[in-house]
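Be aware that the sequence shown starts at 107, since it is given in this note's numbering, and climbs by one per residue.
Everything on this sheet refers to the single structure shown next.
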Amino acid sequence: MLSPCKKLKLLRKAADPPITIRALAEALGMPPSSYAFYEDMNRFKKNYLPIELSRKLATVLMRHNIDPADVFILAGLTTYEAETEISAIKNQPVPIQFVQMNIALPDETLLTDMFENLLSSIDMKNSKKEIAHLLAKRLPDGLSKAANKVSKL
């Protein structure tokens, strides 16, 4: 029988689009070393993954075409329990991020600098979807920094 560590690694590698340990850890809101712990059978010795981690994993991996039931098996859930968890995940409202920005957009040069800085912090070997996701997460901060440059002019 495969350990939950090996199964988890296989699920991550089967993700479509592919997802790295670093990207998955970021999506889960944890450091890469903390996530890697669960894929390392020399360190993670339990028979099942923690349910809270499994919920987060199922939510993220579902967007990468991994059946959430396969994740909940790693938490030791029965089929009925897994179906209940999957239903709860699918019924979660999509998080909305409200941002109020009273800024004058910078000129083309400052916007170019902003995008160069955003792109320089991203591994361009990632899939287009992963790159787009990271840019979407970092855009508000990038605009804020560009706006600060405008206000100092």
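Beta carbons are placed, not taken as given, at the ideal position from N, Cα and C, and that holds for glycine.
For clarity, every value in this text was computed on a predicted model and none was experimentally measured.
- Query: Going by Cα to Cα distance, which pick from 147, 191, 118, 149 is closest to residue 134?
  - Reply: The residue labelled residue 134 in the question sits at position 28 within the sequence shown. It is 118.
- Expected contact under 8 Å - CB spacing of residue 233 and residue 124 to nearest Å: As a working note, residue 233 is residue 127 in the sequence shown. As a working note, residue 124 is residue 18 in the sequence shown. About 6 Å separates the two Cβ atoms, so the contact holds.
- Query: For residue 110, which three-state DSSP category applies?
  - Reply: Numbered from its first residue, the sequence shown carries residue 110 at position 4. Annotated three-state conformation of residue 110 is helix, per DSSP.
- Task: Give a yes or no on contact between the region 172–188 and the region 152–164, applying the rule of three or more CB pairs nearer than 8 Å.
- Result: As far as the Cβ criterion goes, the region 172–188 touches the region 152–164, which means the pair count is three or higher.
- Backbone secondary structure at residue 242 - three-state DSSP: Taking the first residue of the sequence shown as position 1, residue 242 is located at position 136. In this structure, residue 242 counts as helix in the three-state DSSP scheme.
- Task: Please determine if the region 136–143 and the region 198–206 are in contact, where contact requires at least 3 C-beta pairs separated by less than 8 Å.
- Result: At 8 Å Cβ cutoff, the stretches do not touch.
- Task: Classify residue 151 as helix, strand or coil using the three-state DSSP reduction.
- Result: Numbered from 1 along the sequence shown, position 45 holds the residue referred to as residue 151. Note: residue 151 maps to coil in three-state DSSP.
- Message: Measuring only from the beta carbon, is residue 179 closer than 7 Å to any heavy atom that is part of the ligand NAD?
- Response: Annotation note on the ligand NAD: not contained in the displayed structure, which lists no ligands.
- Backbone secondary structure at residue 183 - three-state DSSP: The residue labelled residue 183 in the question sits at position 77 within the sequence shown. Looking at residue 183 - three-state DSSP - the assignment turns out to be coil, as it is neither helix nor strand.
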